[in-house]
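Numbering (this note's numbering), first residue to last: 160 to 512. Idealized CB from N, CA, C, for every residue including glycine. Source: prediction; values computed, not measured. For reference, the structure is listed below as structure tokens.
This is the structure in structure tokens:
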């Protein structure tokens with residue numbers, strides 16, 4: 160771990176901890192899956208023991224690097240402490256490998272196997288000079304927004320493909336680094352050191368987005384016929400009608416794809432394997448922890464995430480005020496995003512529920 164300058168924290172240390180702790184949190188999520196202990200929160204959403212344990216793992220890992228770090232998590236801090244597992248500390252070996260991989264990305268170092276690839280040997284790790292000054296920041300400028308288990312409803316139903324871990328780093332109210340972990344793996348993507356956990360990460364901090372351990376960076380796709388991704392449970396009304404309208408304008412495929420979970424929607428857009436390009440939900444129902452990581456990744460790839468008016472999200476809000484009351488519009492193409500925002504405002508779609 161680098162030595163802080165005065166009261167500053169090294170962003171590379173924190174970002175490496177976020178990547179490493181997705182593996183530990185994933186193990187907890189996997190282990191608790193058979194029992195879960197599902198219950199309903201006051202807002203009607205589901206929660207399980209895994210939500211609280213995973214958030215505890217993430218918070219412990221990040222605070223081991225910076226004890227004064229502001230962390231806004233989806234779950235109640237009080238109940239999180241009740242399920243805290245003190246033996247699930249930050250994996251220092253995995254942290255060092257994650258940090259070294261981030262340095263490889265930043266400096267553009269070409270090695271046979273990246274540190275988080277299963278075939279990498281520790282003797283192959285490159286040695287880097289001191290980190291750039293830009294990584295040393297006052298913790299008061301920084302906050303981390305966490306969804307420890309996105310897709311809880313799918314998790315309780317045994318649909319593990321939709322489960323994600325979301326961690327977004329906000330510097331001066333702008334997303335600069337995001338982590339999306341897939342605890343049960345992801346088809347076609349390699350897991351971190353054969354752990355079963357697949358993790359995407361990146362942001363403007365690294366000038367790109369990546370799959371952990373994979374040498375090929377993510378890039379902005381050019382779908383032939385862009386498709387929207389929406390939730391089946393929220394696919395009616397203005398969501399359905401506006402997506403159909405965009406199809407009539409030739410901007411989207413006629414039928415959107417039904418995809419559960421904010422994290423899974425994000426991965427679909429980032430990979431765009433089936434021309435997924437737009438996540439459109441112009442109503443309350445999501446929160447800052449659903450979008451912070453995705454926002455950071457999209458910014459690094461030339462995409463865009465805002466509310467339905469085209470305004471950036473306000474990441475300074477408290478946990479109690481974290482709902483995105485003006486919805487979310489996320490797109491890999493800034494141009495398609497602009498057209499969506501303009502058409503939504505021009506034709507007064509805002510009055511439709």
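- The DSSP-derived three-state label of residue 440 is strand.
- Ranked by Cα distance from residue 225, the first of 298, 217 and 257 is 298.
- According to the DSSP assignment, residue 252 belongs to the alpha helix (DSSP H) that extends over 251-266.
- Residue 356 sits in coil when the DSSP states are folded into three classes, being neither helix nor strand.
- Considering only 192, 197 and 236, the residue with the shortest C-alpha distance to residue 479 is 236.
- Judged by their CB atoms, residue 284 and residue 179 are not nearer to each other than the 8 angstroms cut-off.
- CA-CA distance, residue 392 to residue 309, rounds to 16 angstroms.
- For residue 409, the closest C-alpha among the options 502, 336 and 329 is that of 502.
- Assignment of beta-bridge partners to residue 489 by DSSP yields 438 and 464.
- When beta bridges are read from the DSSP output, residue 329 appears opposite 302 and 334.
- Judged by their CB atoms, residue 230 and residue 305 are nearer to each other than the 8 angstroms cut-off.
- Per DSSP, the beta-bridge partners of residue 340 are 324 and 358.
- With at least 16 other beta carbons inside 10 angstroms of its own, residue 385 counts as buried.
- Where residue 387 is concerned, the enclosing beta strand (DSSP E) starts and stops at 386-389.
- Short of 8 angstroms from the beta carbon of residue 315, and not among the five residues preceding or following it, lie these beta carbons of its own chain, in chain order: 195, 197, 205 and 207.
- In this structure residue 450 is in contact with residue 487, their Cβ atoms being roughly 6 angstroms apart against a cut-off of 8 angstroms.
- Our two residues, residue 383 and residue 421, have alpha carbons roughly 24 angstroms apart in a direct line.
- Residue 388 and residue 402 have their C-alpha atoms spaced approximately 10 angstroms apart.
- In chain order, 368 and 379 place their CB closer than 6 angstroms to the CB of residue 460, counting only its own chain and leaving out the 5 sequence neighbours on each side.
- For the 8 angstroms CB-CB criterion, residue 344 and residue 337 do not form a contact.
- A direct Cα-Cα distance of roughly 20 angstroms separates residue 351 from residue 219.
- Contact between the stretch 253-260 and the stretch 166-182 is established, with three or more Cβ pairs separated by less than 8 angstroms.
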